[in-house]
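Protein chains in written order, with my numbering: chain H, 1 to 499; chain P, 500 to 998; chain A, 999 to 1497.
Every residue gets a Cβ at the ideal spot worked out from N, C-alpha and C, and that includes glycine.
Each remark here refers to the structure printed beneath this line.
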């Protein structure tokens, strides 16, 4: 409120004049025709778009912006797209032959699912970077890893009770789309066509798309491209503001396996965000530390182009994201240096399993970044920290964080030891599926929930409740003890059975 | 900020003049007298009211509003109430003979607890609708269902340890009022009178009301009416804005049995709400999709009067709420078509139990809505979805959702099978109370927490973390396995005991 | 928005003029010199400070404020500090000989860690009050209590698997700093010096501080003082606004042991806060009920100076906090009257253990406040409630709350009885450590999570989900049953082993 003055009001008034003028920006004939019907049929979509930056500037004007404020990264954009705002037709009619869902609609070739390869027309750098992001491969990294498929089946498979045990069949498609692949992304496929009697225009033909709707980060699109920009830049506003707020990341990063949002919200950074962000500027590009915002959100550390008060670049924009991450703290089953390749299906550990670490904790080093690359990435992340924290603070934080990685890996090793003894003693069976018995689920709790949660709390919060009593070290200790109790009980029962 | 211009400032200035005038609106003598003391004694209450719509308009002016913007639904309001704003006396002195807590207070007949039947004076349609809402019967639906009373006792009853088992006596009134009946509503009763030495006016006599305070949705009031409007329209502001924000629903819908708020907050809709709602208009009536708000809150889908940009009605206002709900996804013990009658105590399943489904999964169809009514309600809900989503999107979402209902019911059937085998094997006892042993609690976890949570995540989020790792399919699978392990162990021990 | 008018705009304009002038307030030469470099090196820190009240007023002007609005509580402030704003040098150069981390830095004696004893220069009353707050002793109260150290070791100690059991060694310092002592505060110690090659000024020498960074509430500072004001008044803005918002308290009060934030956020008070706080004034001193805010935050009940609409004091400001608390609802192992002394290491129960209650539930009465003091504190808290709630409401709430204390203590007694039978039967071992076995963890769940959570839900919410299904009475009942099952199983196995 302090900053609102008469001059601010005046400025806003002048801005408003300019902004109102935006409504008179050139719109393509095709888009006009879309809007003619869809403003009535889908008012929410059209209104979102009207409020968006896409509706407020032409690519030509956007490309005329110099320096760090430029948002269109492509150096060349087709001439026929440059002069009108980016409307319905500009995206849904791009590259019609590339999309399997292209269909004739009132004289136009339309496709339903806009893909990163479409967005790349103007945002080529972001698309290129995102292709290096593990998230873009989230479908295959899960669906084509035979071991993870066993984990998946043990959770979402069709359960049957067979005598004294539970068995699992492959999950239904509907379940898959709602569960793992809601975030990982579905594999879209055109399965046919259907005629629908529409209110606005009578009978029309549309493609039928299996796996739709979905906006998962690794969606396999109908042009073969991977990912969905609208996972974070929600359709049809595609806003920077929304992507920079942590609520967007929360959608897939709130559960006990990756409790990033919970941990952030309870951290000092999250506290400052929650208490003060009403006065921040989430639209400024570049994003100035201290001026536009006073504590990082997820985007600040992992994605955004940051500058300091002298307009010097602190962090380059990246949609690869992992280039600021020395460690992958999501344990599989141990935390490990980040994979070199976003396609993790190629990884084999020393025992030949498709895992980035062996069950004894050895990293599959050939497939992971080396210490030098880790160091580079560590420095890259720390360069943001150092704008608000002195060197010893940052150093202290990172020492603890990396100590926590080792600590939680050590505890995971203990859990895995008990699990292996259970398998070897014949009290559980790893051959069929190492994840589908009660004791195996408790083992999974240790590394997938508690060890992960403790690391996230360390990385993003410097510790606190989520490192101790909230799915933290307390629960990890408890699970180890319960696993051990279970093994002791079954050894005892086994011995007594032999008597 | 974009929208604030000089003209907006000017408009606000003019509005302010008009609004200031509101302070000069006619106030009844009785209310003036109330305020004279209570502005000092209870400044928070009086200030809330002063900021409210009730203090800013007379019923006469409110009734003069034409069309969808009208908020007073009663066609007739007593003349003596029309000309003054709705203040203390207008509500707390209504229908004095109907209220058992009416007492003489400085020359006026006052009652403490204002009820929906009082509010119906101006808001008759809402009161009528709400009487059809299951929530209005939440007290009896719990307190008069003998089976749910066993569940209640196993949770909040007074526990005793008796040899090798735990027993339960009826819960204390204080516990009941804080636990189940905090949300369900208490049954109020005048138990006597007391004289208190007040600071403002010396010794005064007041009624003593058992069950007070409470603002549960099914409160049994002292005039015999059911419910509390202030459960959502918080006293003494009674605002539309607050009722439309999801935080209000959170108060009773955040636990693992009905994690609606958690699920919503992690959904795309919730993400948009959290990130963008600062610029929405929560007071507009009717509520225009795309203009006033860009993603639904709880109220948008379940209660509010929605229009599209052409001011066509998309959804009628309803305080019945279930008339947009084909399914009751809160499993008892299976999800089922919605009950026909808000009084669910009349329901009997085929085995004679007061449950909407049998333990084998058969719905108590005579008491539940039929497929035709389900279809009508499904369409009623979908009409809102279709403003921002194309038909295949909505269809795909609902296919998955209804598949999830079947999937979670199927899993609940497995859990119930293990439970029944445990009862039949004599390892647990269902005769006394089917909910009060450790294994029975684990069974309850399955259908009351995990199956419910998965369905809420499906319905409100289309899936995500709350469908998998956050009290979702992972935990459901784990609970099934642990139940099975327990049964196997006890069979083994039982067999060994027989040797 | 209603309140913004042309006059408001004008007022803000005039305020802006005055505020802009603030930038021309006298800054000390030393601070100017700090800022010269650090504005580039640590722009986030400098910008936070520039936006702060410390940068906007001199102590002299702040001391000239009369009455309740005065924020500087010290009656005397050194003359050399009065005339310039409170900048870097004013805090980091205070009392150089008292701080073990004082080092020569570009000609100045600087210390890294500013302590409450530094802040006391201007805020002496707050510092004095805080020294009576249990939180200021949070380090010793944990680190010097031999029994709590056993609990600590069982959670964060280095785990080893030794034959059929798990053993624990002392935790690593890095783990301690991230876990328990993140909130409790670390014990800081200068362990040496190091030379760093700085970008801005070449090689410089700095102290090395073990335990840094930390901003825990009971941090043991390098001048021997206890606590960190920046735990709540986050550096370098030190704002009242942030401390008054519940997000700040959340940082340490969100886990299942002290779920205050979760409970609050799901309460009616939290609902009103979440829905309406955008229009509240969080900077007003004193804080006027109904005008500045319409529902309490954590600070309103526990800390802030509250007045009613007549500017009469409702609650005095306190940084002691416990002087409004009759009960300590954080069970150790039972809830009990608040300790008399913030140093709880002196407490011994009747069995000689360093616990405020005995395992049979008897309070260590000699060390706890008596009924008279409890009554005084209860009234002190209720005086705030009464501004928005009539006497029967407040009375009813407190009757239930205190009933819940007794109820949860009674249930804790049952859990402890089962635990004691397990120890006596030789199925668990309390001699070495009563917290480090699976069954002991389940016992800990009962009193540290569920009983606590139920009490917090009662105190701050009047009940609701967190009192029943969300780590509430349901889970408490379940844990009791599982403990009982476990004991029965082991008795059976023990008996069968003896055969």
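Between the C-alpha atoms of residue i and residue j, what's the straight-line distance to the nearest angstrom?
{"i": "residue 702 of chain P", "j": "residue 605 of chain P", "result": "11 Å"}
{"i": "residue 364 of chain H", "j": "residue 239 of chain H", "result": "39 Å"}
{"i": "residue 1060 of chain A", "j": "residue 1069 of chain A", "result": "7 Å"}
{"i": "residue 607 of chain P", "j": "residue 781 of chain P", "result": "37 Å"}
{"i": "residue 1077 of chain A", "j": "residue 1120 of chain A", "result": "12 Å"}
{"i": "residue 495 of chain H", "j": "residue 641 of chain P", "result": "49 Å"}
{"i": "residue 1182 of chain A", "j": "residue 1217 of chain A", "result": "7 Å"}
{"i": "residue 602 of chain P", "j": "residue 1397 of chain A", "result": "24 Å"}
{"i": "residue 129 of chain H", "j": "residue 227 of chain H", "result": "12 Å"}
{"i": "residue 229 of chain H", "j": "residue 1297 of chain A", "result": "41 Å"}
{"i": "residue 261 of chain H", "j": "residue 539 of chain P", "result": "43 Å"}
{"i": "residue 1428 of chain A", "j": "residue 1198 of chain A", "result": "58 Å"}
{"i": "residue 257 of chain H", "j": "residue 968 of chain P", "result": "7 Å"}
{"i": "residue 405 of chain H", "j": "residue 446 of chain H", "result": "14 Å"}
{"i": "residue 585 of chain H", "j": "residue 379 of chain H", "result": "With chain H covering 1 to 499 only, the question about residue 585 of chain H has no answer from this structure."}
Starting from residue i, follow its DSSP beta bridges and name the residues at the other end.
{"i": "residue 196 of chain H", "result": "H:204"}
{"i": "residue 664 of chain P", "result": "P:661"}
{"i": "residue 339 of chain H", "result": "H:368"}
{"i": "residue 190 of chain H", "result": "H:209"}
{"i": "residue 486 of chain H", "result": "None, per the DSSP bridge assignment."}
{"i": "residue 725 of chain P", "result": "P:719"}
{"i": "residue 856 of chain P", "result": "P:862"}
Spatial neighbours of residue i within its chain, please: C-beta separation below 6 Å, excluding the five flanking residues on both sides.
{"i": "residue 950 of chain P", "result": "830, 907 and 911"}
{"i": "residue 1053 of chain A", "result": "1047 and 1083"}
{"i": "residue 758 of chain P", "result": "952 and 955"}
{"i": "residue 158 of chain H", "result": "169"}
{"i": "residue 284 of chain H", "result": "292"}
I'd like the list of long-range same chain contacts for residue i, defined as Cβ closer than 8 Å, with 5 residues on each side in sequence excluded.
{"i": "residue 346 of chain H", "result": "367"}
{"i": "residue 26 of chain H", "result": "58, 83, 84 and 85"}
{"i": "residue 473 of chain H", "result": "450, 454 and 467"}
{"i": "residue 1305 of chain A", "result": "1066, 1284, 1285, 1286, 1287, 1311 and 1312"}
{"i": "residue 732 of chain P", "result": "738, 739, 741 and 742"}
{"i": "residue 1395 of chain A", "result": "1383, 1387 and 1460"}
Only counting the same chain, and skipping five residues up and downstream in sequence, which positions put a Cβ closer than 7 Å to that of residue i?
{"i": "residue 1112 of chain A", "result": "1089 and 1090"}
{"i": "residue 348 of chain H", "result": "354 and 364"}
{"i": "residue 860 of chain P", "result": "833, 908 and 912"}
{"i": "residue 821 of chain P", "result": "632, 633 and 837"}
{"i": "residue 101 of chain H", "result": "111, 112, 113, 190, 207, 209 and 222"}
What residues in the stretch 1411 to 1424 of chain A have a beta carbon less than 8 Å from any beta carbon of chain P? Result list: 1412, 1415 and 1416.
Could you list the residues in the stretch 270 to 294 of chain H with a C-beta less than 8 Å from some C-beta on chain A, going in chain order? Taking 8 Å as the Cβ-Cβ cut-off against chain A, the residues of the stretch 270 to 294 of chain H that qualify are 270, 271, 272, 274, 275, 276, 278, 289, 290, 291 and 294.
The stretch 374 to 403 of chain H: positions lying closer than 9 Å to chain A by Cβ: Hits within the stretch, in order: 386, 387, 388, 389, 390, 391, 392, 393, 394, 396, 397, 399, 400, 401, 402 and 403.
With a cut-off of 8 Å, do at least 3 Cβ pairs link the stretch 470 to 486 of chain H to the stretch 283 to 294 of chain H? Too few Cβ pairs lie closer than 8 Å, so no.
Would you call the stretch 921 to 941 of chain P and the stretch 646 to 653 of chain P touching, i.e. three or more CB-CB distances under 8 Å? Flag = yes, the stretch 921 to 941 of chain P and the stretch 646 to 653 of chain P touch.
Listed in chain order, which residues of the stretch 252 to 266 of chain H have Cβ atoms closer than 7 Å to some Cβ of chain P? Cβ contacts with chain P: 252, 254, 255, 256 and 257.
So does the stretch 1190 to 1210 of chain A actually touch the stretch 415 to 427 of chain H, counting three or more Cβ pairs closer than 8 Å? No, the stretch 1190 to 1210 of chain A is not in contact with the stretch 415 to 427 of chain H.
Please list the residues of the stretch 527 to 544 of chain P that have a C-beta atom closer than 9 Å to any C-beta atom in chain A, keeping them in chain order. Those would be 538, 539, 540, 541, 542, 543 and 544, in chain order.
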